[in-house]
Each structure stands twice: as C-alpha cells, then as structure tokens.
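**Q** Structure in structure tokens, see below.
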Amino acid sequence: MKPVVFIDTNVLIDLLAKREPFWYSSASIFDLAERETIQAYISPLTLVTVYYILRSYYKIPHPSIINQFEVLCSYVGISSISDQHTESAIKSTFTDFEDAVLYESAKASRILQKLLPVTRSIF
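Residue numbering for the sequence shown follows full-length UniProt numbering, starting at 1 and increasing by one per position.
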C-alpha cells in the first residue's frame, strides 16, 4: 500500500514559486506523487490560497498558474471542504485556523487514518 500524504499549503507555494531553500524538497514530494510512489492530497483551500499568493506576491500570470494547477491535479487528489468541516475547525483546539480546516478536510475524506502530513517542519 502506498503512503498517503496530505500536503500543506506552504509546500505547494514552495514548489510553484520555487522558493529557496525549500523548493528542492517540495519538488521531491510532488515527484513521488507524479510517479505514483505516494498518494498525495491537497485541499481546495490550498489551491485558493496558493493562487492568491502567486498572483499578488509573485506576480505570476493567471494562465501560468492555471496551467500548473491542471498538471498538478492530474496526479494529486483534492479533498473536500464543507460548512461542517469549517464549523468543526472553528471549535477545534488548533491554534492555526488554516491547519484546522485542512485537518477536518482530511478527516472527512477518510484519508486521515493512513495520513502523513507534509509540512516544512519535516524537511
């Protein structure tokens, strides 16, 4: 059985913006997903946040971001986020709200039982 990973927003930003010193490690994770060595997931919230940062801070054109998202979504799964996930995140003990929403999304997608979260803290 392949390892299942839920990829944090910053890891995707590191990849697409080629942020140093994290770019190489991030690219390695996504390479494993593309080669189907791991089963990777992201949240739709991650895509929204990454889009905003790439457009506003890095000034990457819309078509370029969308093209990268299309390629990414061909080998990375997308979890779902509902109002119930958001309400659970609000009531959670997490001190980072985005992490709480991502956790609830992963839990509801039934991937949490076999999940390895991928954040910068493990690089």
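Ideal Cβ positions, reconstructed from N, Cα and C, are used throughout, including at glycine.
Drop a sphere of 10 angstroms on the beta-carbon of Q84, count the other beta-carbons inside from all chains shown, and report buried for 16 or more, exposed for fewer.
**A** With fewer than 16 other Cβ atoms within 10 Å, it is exposed.
**Q** Restricting to Cα atoms, I'd like to know which of Y58, I66, I29, E104 is closest to I38.
**A** Selected option, being the one with the closest Cα: I29.
**Q** Could you check what DSSP says for I29 in three-state terms: helix, strand or coil?
**A** helix
**Q** DSSP on I66, reduced to helix/strand/coil?
**A** helix
**Q** Who are the near neighbours of D14 in its chain, counting only those whose CB is closer than 6 Å to its CB and skipping five residues on each side?
**A** F22, W23, S26
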